[in-house]
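Visitor:
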Amino acid sequence: MGNGSGPVVHDFVLDQDSPSPYSVKSERLRRRQEQIIEFVANFEGVYKYYCSVKGFAGPSHRERGQEGTIEILEGHEIPVNCRRVFCVYPLLICAAAD
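Here is the structure:
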């Protein structure tokens, strides 16, 4: 996960509020910072991930549309709409933009 946008911080969250069976959260990253996120992808399904950052006023980053879809599949067939693919045997994780 990386932050390529301005001075604002962002993070990556995949948790019960997604909703999902996972509890994954990155650090809050500033521009050009990166972090590798690893987790055991043992539940197939389509889940939302999102940025949980909220400013002092106004809508959160998620409420502003900073969320996407992650699809965890069994097997090794890569869907056509995948932007990034992560393989964690025996499951394949496909992160696609909404």
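Heads up: the sequence shown begins at 188 in my numbering, then just goes up one per residue. Backbone N, C-alpha and C define an ideal beta-carbon position, used for all residues, glycine too.
1) Relative to the C-alpha of Val233, which residue among Ser239, Leu201 and Val195 is closest?
2) Where does Lys212 sit, in a helix, a strand or coil, going by DSSP?
3) Hey, how far is the Cα of Phe243 from the Cα of Leu216?
4) Under the DSSP definition of a beta bridge, which residues are partnered with Val200?
5) Rounded to a whole number of angstroms, what is the C-alpha to C-alpha distance between Ile223 and Arg251?
6) Less than 7 Å between C-beta atoms, sequence neighbours within five positions excluded: which residues of the same chain meet that for Tyr236?
7) With DSSP as the reference, label Ser205 as helix, strand or coil.
8) Starting from Gly242, follow the beta strand (DSSP E) in both directions and report where the run begins and ends.
9) At which residues does the beta strand (DSSP E) containing Ile259 begin and terminate?
10) Just to confirm my understanding: we take Asp285, look at its own chain, exclude 5 residues before and 5 after, and list those with CB closer than 6 Å. What are they?
Guide: Straight from the coordinates:
1) For Val233, the closest of Ser239, Leu201 and Val195 by C-alpha to C-alpha distance is Leu201.
2) DSSP places Lys212 in strand when its eight states are reduced to three.
3) When rounded, the distance between both Cα atoms is 18 Å.
4) Within the DSSP secondary-structure output, Val200 pairs in a beta bridge with Lys212 and Tyr237.
5) Taking the straight line joining both Cα atoms gives about 25 Å.
6) Result list for Tyr236: Phe199, Val200, Leu201, Ser205, Glu254, Gly255 and Ile257, in chain order.
7) Reduced to three states, the DSSP call for Ser205 is coil.
8) For Gly242, there is no enclosing beta strand (DSSP E), as DSSP gives it neither H nor E.
9) Here the beta strand (DSSP E) through Ile259 covers Glu254 to Glu261.
10) Below a pLDDT of 50, predicted positions are generally treated as unreliable, and Asp285, at 45, falls in that range; the measurement from the model is reported next regardless. In its chain, beyond the 5 residues on either side, Gly255 and Thr256 have a beta carbon closer than 6 Å to the beta carbon of Asp285.
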